[in-house]
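Chemist:
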Amino acid sequence: MANNKKSPDHYVAPFDETPVDVIDAVRVDDKVSNLWLDAWRDMRKRPMFYISGVLILLVIVVALFPTLFTQVAPDMDCQLSNSNGAPEPGHILGYTKQGCDIFSRIVHGTSTSLSVGVIVVVLTTVLGIIFGAIAGFYGKWIDAALSRVGDIFFAIPYILAAVVVMSVFSAYRNVWIISLAIGIFAWPSTARVLRAEILRVKNSDFVMAATAIGVSRFRILIRHVMPNSLAPVIVVTTISLAAAIVAEATLSFLGVGLPTTFMSWGNDISQAQSDLRTAPQALIYPSIALSITVLAFIMMGEVIRDALDPRERATR
Amino acid sequence: MLGYTIRRILQAIPVFFGTTLLIYFMVFAMPGDPIVALFGDHGVNEAVAEQLRVRYHLDQPFIVQYLIYIGGVFQGDFGTSFSGQPVSEILATTFPVTIRLALLSLLIEMVFGISIGLISGLRKGKLFDASALVVSLILLSLPIFVIAFVAQFVIALKLGWARATVSGGAPWEELILPAFVLATVSVAYIIRLTRASVIETGQQDFVRTAYSKGLSRRRVIGVHILRNSLIPVVTFLAVDFGVLLVGATVTEGIFNVPGVGRTLYQAIIRGEGPTVVSFVTVMVLIYLVVNLVVDLLYAALDPRIRYGK
């Protein structure tokens, strides 16, 4: 018995005394830990987590309750006499060309950006998980077929693709259509990441063990492989939320996004561009709002990735 | 290598037909009758319209139209723009400008990305490194049109260091500002890529060996660390070249660079659906070909790709 205790923090029981279900439990007095708990502990040590977290919360609150932040209506209170006007009390950022309050337009545009981001992410994650999981887990011709389908969508740079979709649906432009246009071409990156991770995980011992005791293939995928493959998907999800917000703004900026009747930062930036020389504020402030929102999500994605990937931690 | 090349090309074929079919289908589904649109405000002459429909194969079923179109693509006929000029002709005049812009951006990316990334990696955790990481993060989150407008406003309009828009012939010196704008996001990415790679290489045994052999720091960094760290960076640059060729729509539009991107930008602004689509198709094809070439080059350089699955 004594010769089994080579190091003090490892407990290795004699094999014949070990019940099968504790064979894996080597560290007896260690704190309960897993990838997610470790990651959570690691994240809370980083200032970037709090900065991005607070920013994201702020964006969500502004998107849900814009009237908490401004009493000025973004469209009905516009006065042409204020066109391109300078900031004044109650209108801290000045006015747009149409005499609308810039601050109010930014506040009310938040929900557009955020909802496009969320819808796109839900769409890409659902499609990505279905395609990626099935392709990676079942392999063979299913993988070949699904991967080629993914390649087709992946091969088209998705802003270009969204431009075509939006030109086709020019009569029905709304938040759902633009999210669909972006999401339909953005899911293959999620699928690829998940597929690669599943290929890695499905050869693990615990999968073999589950197969050995007769667990069905589908159940293995759902209960054993998926939970262990989701970490990189979460990172991709956070970053693609940022990318989707940028894509919406870019499409609206190009004039194939949302109609100008929608409150959208991209639209406001697009409309302000002709007066860049004389009234830069109408362009600068929505740009800042857009950039900070995107930055918050990218920072969060970065923090999560660092926390989930021990190799990244080493190079930090 | 030959086996890999053949396999890779065979894989590209379904993607080629898939993407073109997808785009073509979207156009097919586009509401409105293009022939009626041709008449503009004038009344539609049904007899003429019918002849036009036959001439442009619009009376054929979808799949026949697609095959006729693909047959044309293989002969270098990418369709005609709204103004009646063949797309291939427009490409011949605009593409060289876009290629020059892309090359200039690539140069900027290499110079700034690799040098800043290298210094960051060597001084991991120091002030320079920390600020480079923060700056690169900010650059990554700025949408390209924001960067473009800020550059245009500050550098061209306020400081007067460059022209706000590019003139007709697109001389090299006027392309510098748009090239910088186009390069920013990739510079940020390359800084991070180089930095991570340099740190990883720096921990390798052969670097320690080189130091203990008594080689100078300059030589260890230049020959042993940098060279070995650049593989992922070179790959990224090659892929990015494809992206630059097709992805400069916004930048070229804002700076009025007479390239492929601006042509697309203007077609979008004017709502010329069919022109937009034929340009997007050509760009997707270019992108596919560049990616294929990059993959083959990469396999030629790195044997692990060829034999690994």
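Sequences listed follow chains S and B, in order.
According to numbering that gives the first Met the number 0, the first sequence is numbered sequentially starting from 0.
According to numbering that gives the first Met the number 0, the second sequence is numbered sequentially starting from 0.
Where a beta carbon is used, it is the ideal one built from N, C-alpha and C, also for glycine.
(1) Whose Cβ in chain S lies nearer than 7 Å to the Cβ of B:A28?
(2) Determine the direct distance from the alpha carbon of S:Q70 to that of S:S110, and round the result to whole angstroms.
(3) Compare the C-beta of S:L337 with all C-beta atoms of chain B and state if any pair is closer than 7 Å.
(4) Taking the C-alpha atoms as reference points, what is the distance between S:E301 and S:A242?
(5) Can you check whether the C-beta of S:R147 is within less than 7 Å of a C-beta belonging to chain B?
(6) Closer than 8 Å by C-beta to S:I303: which residues in its own chain qualify, once you throw out the five before and the five after it? Chain order, please.
(7) Pick out whichever of B:R6, B:P13 and B:G2 has its Cα sitting closest to the Cα of B:L284.
(8) On the premise that B:T274 lies in contact with B:S80, defined as a C-beta separation below 8 Å, what is that separation, rounded to the nearest angstrom?
(9) Less than 7 Å separating the beta-carbons of S:N197 and S:G127?
(10) Output, in chain order, the set of chain B residues within a Cβ distance shorter than 8 Å of S:L289.
(11) Note the first and the last residue of the continuous alpha helix (DSSP H) segment covering B:L117.
(12) For the alpha helix (DSSP H) holding S:V175, just list the boundary residues, first then last.
(13) Using a Cβ-Cβ distance cut-off of 7 Å, determine whether B:S152 contacts chain S.
(14) Could you give the DSSP three-state label for S:H107: helix, strand or coil?
(15) Quick check on S:D305: buried or exposed, where buried means 16 or more other Cβ atoms within 10 Å of its Cβ?
(16) Is B:P85 helix, strand or coil by DSSP?
(17) Which ranges would you report for the beta strand (DSSP E) in the segment 53-88 of chain S if only whole runs of at least 3 residues count?
(18) Three-state secondary structure (DSSP) at S:D41?
(19) Any contact between the segment 144-161 of chain B and the segment 249-261 of chain B? By contact I mean 3 or more CB pairs, one from each, below 8 Å.
(20) Note down the Cα distance separating B:G17 from B:F24, rounded to an integer number of angstroms.
(21) Using a Cβ cut-off of 8 Å, pull out every chain S residue sitting near B:V110, in sequence order please.
(22) Among residues of its own chain, excluding the 5 on either side of B:S228, which ones have a beta-carbon nearer than 7 Å to its beta-carbon?
(23) Apart from the five residues just before and just after S:G182, which ones in its own chain have a Cβ nearer than 6 Å to its Cβ?
(24) Considering S:Q280, what are the terminal residues of the alpha helix (DSSP H) in which it resides?
(25) How do the segment 247-259 of chain S and the segment 57-64 of chain S stand: do at least 3 beta-carbon pairs fall below 8 Å, yes or no?
Modeler: Once the coordinates are examined:
(1) V167
(2) S:S110 and S:Q70: Cα-Cα distance of roughly 16 Å.
(3) Outside the displayed span of chain S (0 to 315) sits residue 337 of chain S, for which this structure offers no information.
(4) 14 Å
(5) yes
(6) A38, M42, I233, V234 and T237
(7) B:P13
(8) 5 Å
(9) Strictly speaking, residue 197 of chain S in this sequence is Ile, with Asn absent from that position. Their beta carbons are not under 7 Å apart, which means S:I197 does not touch S:G127 by this criterion.
(10) P142 and V145
(11) For B:L117, the enclosing alpha helix (DSSP H) stretches over residues S114 to L121.
(12) This sequence places Trp at residue 175 of chain S; Val is not what is there. First-last of the alpha helix (DSSP H) with S:W175: V174 to V200.
(13) Note that residue 152 of chain B corresponds to Phe in the displayed sequence, not to Ser. So, interface residue.
(14) helix
(15) buried
(16) If DSSP states are grouped into helix, strand and coil, B:P85 belongs with the strands.
(17) For the segment 53-88 of chain S, not one full-length beta strand (DSSP E) segment reaches 3 residues or more.
(18) helix
(19) yes
(20) Near 10 Å, if we compare the C-alpha coordinates of B:F24 and B:G17.
(21) Here the premise fails: no neighbours, minimum Cβ distance about 23 Å.
(22) T193, S196, V197 and T200
(23) V119, L122 and T123
(24) Q280 to L307
(25) no
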